[in-house]
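Everything below concerns the one structure shown next.
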Amino acid sequence: MVAMSALRAAAAFTARLNPLNRASQASQLLSRAVVRSEQVAVRYGSHGKRMFIIKPTDFYDRRFLNLMKYYILLTGIPVAAFVTFVNVFIGEAELADVPEDYDPEHWEYYKHPITRWIARNIYDSPVKDYEKMMALVQIEAEKAQMRQKQLEVRKHMREKGDGPWFHVETLDKNLIYQGHKATPDD
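Right under this line is the structure:
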């Protein structure tokens, strides 16, 4: 082991002294220097191309990209055809005079027909949203009022001393053993 270390150190030292002389292959075998590309033996097949190229696999990358392209096109083509059909044959809504006795629905304020359909069938109306928000406000107001009453009741109970913390049940006198008190000197 020591001999190999000494040989490696000597080979590295001689390689540093004369780096242009590459005649000694022993110094290159024993040293830990990086092998230069012009010293690598390359095998060429026909037409001067390398016979074997080592590269990392890209199978999973290509498979992922192909599946992504497939699913995007699977959904994208019908959606694009539907949007084109709606834009060409139905078109956007036009502004018109409204009779005085007519009350427009909430989805009639949108211009595009797809947006109107989404507002009519998927989203809740603004009136319903307002009622839901008012219900939440009422529930929170009732909770605050209940907390206020509870604090007031506790305050009165502490002032008058009639809370549950003042009631301690006493034991029955018949359960207490009095025998040792009859003869205390025993």
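The sequence shown: position 161 = 161 (this note's numbering), numbered continuously.
Where a beta carbon is used, it is the ideal one built from N, C-alpha and C, also for glycine.
| query | result |
| --- | --- |
| Report, in whole angstroms, the separation of the C-beta atoms of His106 and Ala119, which I expect to be a contact under 8 Å. | 7 Å |
| Label Ala11 either buried or exposed according to how many other C-beta atoms from any shown protein chain fall within 10 Å of its C-beta, with 16 as the threshold for buried. | buried |
| Arg116 and Tyr110: beta carbons closer than 8 Å? | yes |
| Report back the beta-carbon spacing between Ile53 and Val86 to the nearest angstrom; my notes put them in contact at under 8 Å. | Ile53 to Val86, Cβ: 52 Å. No contact. |
| What is the rounded straight-line gap between the Cα of Val191 and the Cα of Arg147? | Look at the range of the chain in this structure, 1 to 186, and you will see that residue 191 is not part of it. |
| Return the chain-ordered list of same chain residues with a C-beta closer than 6 Å to the C-beta of His112, the five sequence neighbours on each side being excluded. | Glu92 |
| I need the DSSP call for Gln150, collapsed to helix, strand or coil. | helix |
| Roughly how many angstroms separate the alpha carbons of Ala23 and Met68, rounded to a whole number? | Since pLDDT at Ala23 reaches only 49, below the 50 mark, its modelled position is unreliable, and no value is offered. |
| Which residue marks the beginning of the alpha helix (DSSP H) containing Phe89, and which one marks its end? | Here Phe89 belongs to no alpha helix (DSSP H), and DSSP marks it neither H nor E. |
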